[in-house]
Amino acid sequence: IKMLPARVTLVSTLRGMGRRAPKQGKPPILPPSKKVLYHVVHPEWESPRDVEELLWRRLTYNNAIMSLREVWRQELKAKETAGTGMEHMREEEERELDGLLAAAERHNEERKAKRAAREEEEMRETRGEMLREIEEKLEEDRRTAENSAKEVRAAIERSAHFVNRENLEESILKALDSPTVYDYAIDRSGKKYIEEPPVKYQEGTPTRQKGRLYEKTLGPFKAADAEKTTVV
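Counting in UniProt numbering, the sequence shown runs from 1 upward without gaps.
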């Protein structure tokens, strides 16, 4: 026995490991073999007595079918002669279909008329609702315009007493002549004490105020300035 070198054996083994095993069977381009082209069915063996019985049954079945066909053919011919055949049935079906189509057409016309009346009523209601909304909107706009006009007229009337560039000097002199005092105090009994109005011109040398030493304190001891009304 001749042994192959170890290097040749290793190369052959590595070359075979990278190859895939071929698929079984013939290539698809080759024709099939003769044994798969045809498959002849060989019936099982039957006794002659059973074969005769089966042939007799087949003959009887075929004769019965032919007799039924003949009977049906004669019945159809009799019905056609009497006016109740296939043609008559076809005419009856056509008349029934025409009647159903006419009934469906009448039903559709009735539904169309009802739908038109309903849509007209809905359109009338929608139009009336839209007109009411428009009237309400116009009435609201009219009231808003009247209120705005009243506010504008009142503002114009009040503007006669507003201080502007033309009557600024006059307003200052008037305020100095008749100043409005907003300082007041309330005691525990609810009496209100108003501060004396300031003098227009300072007489003498004004005293220099130091801290809160010369601030005025409204109280019961100034009975002349106290109002006799009780705050509610």
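Built from N, CA and C at the ideal position, the CB exists for glycine as well.
Range of the contiguous alpha helix (DSSP H) that encloses Ala104:
Boundaries of the alpha helix (DSSP H) around Ala104: Met86 to Ser159.
DSSP has Ile186 in a bridge; who is on the other side?
Looking at the DSSP output, Ile186 sits in a beta bridge with Lys192.
Inter-residue spacing [alpha-carbon to alpha-carbon] between Ala116 and Lys137
Distance between the alpha carbons of Ala116 and Lys137: 31 Å.
Taking the straight line between their C-alpha atoms, what separation do you get for Val152 and Lys114?
Near 56 Å, if we compare the C-alpha coordinates of Lys114 and Val152.
Compute the Euclidean distance between the alpha carbons of Ala78 and Ile65, then round it to the nearest angstrom.
Taking the Cα positions, Ala78 is about 20 Å away from Ile65.
Using the rule of at least 16 other Cβ atoms within 10 Å of the residue's Cβ for burial, across every protein chain shown, is Tyr193 buried or exposed?
Residue environment: Tyr193 is assigned as buried (16 or more neighbouring CB atoms within 10 Å of its CB, all protein chains considered).
Write down the C-beta distance between Glu87 and Glu80 rounded to the nearest angstrom, noting that I regard them as a contact closer than 8 Å.
6 Å between Cβ atoms; contact.
Report the CB separation of Glu195 from Val181 in whole angstroms; it is logged as a contact under 8 Å.
Contact between Glu195 and Val181 holds: CB atoms are separated by about 5 Å, below the 8 Å threshold.
Mapping DSSP to helix, strand and coil, what is Pro28?
Coil, per DSSP.
Inter-residue spacing [alpha-carbon to alpha-carbon] between Leu101 and Met89
Those two C-alpha atoms are separated by around 18 Å.
Asn62 to Leu68, Cα distance in whole Å?
Take the alpha-carbon of Asn62 and the one of Leu68: they are about 10 Å apart.
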